[in-house]
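A.B. asks:
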């Protein structure tokens with residue numbers, strides 16, 4: 148059910164990008180109870196002119212190691228579940244591949260279940 152988009156500056160190796168995808172997926176399983184195999188992650192790499200951010204917005208000091216994680220998921224999670232997800236992602240990405248928590252920006256987009264088709268032109272959750 149979640150669709151994860153991870154954006155970062157170009158130049159990281161495949162192991163780094165795989166660790167990002169796996170860390171976010173495992174955090175989703177932990178905090179949101181996402182089922183096994185429900186893994187859909189797209190990693191986007193950007194050059195400097197295509198990856199623009201403020202280095203100190205809201206007092207968080209970030210740098211070019213910034214990783215932006217956008218998750219589209221079904222609506223209905225509690226505030227506590229969302230906070231647990233954000234913490235789990237920051238912790239897991241800190242452990243592997245070594246992203247400092249200050250460089251993890253997360254955006255959660257909630258949608259209704261009928262807004263998904265996982266193939267065959269069918270709204271599987273509707």
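Residue numbers (our numbering): 148 to 273.
Even glycine gets a Cβ: it sits at the ideal position worked out from N, Cα and C.
Quickly, what does DSSP pair residue 190 with across the bridge? List them, please.
C.D. replies: 153
A.B. asks: For residue 219, report the span of its beta strand (DSSP E) as first-last.
C.D. replies: 214–221
A.B. asks: Beta carbon of residue 250, beta carbon of residue 212: below 9 Å?
C.D. replies: yes
A.B. asks: DSSP state of residue 171, grouped into three classes?
C.D. replies: Residue 171 falls in the helix class under three-state DSSP.
A.B. asks: Bridge partners for residue 256 per DSSP, in chain order?
C.D. replies: Checking the DSSP bridge columns, you'll see residue 256 partnered with 219.
A.B. asks: Cα-Cα, which of 231, 203, 175, 234 is closest to residue 219?
C.D. replies: 175
A.B. asks: Report the rounded CA-to-CA distance for residue 193 versus residue 228, giving the unit in angstroms.
C.D. replies: Cα-Cα distance, rounded: 30 Å.
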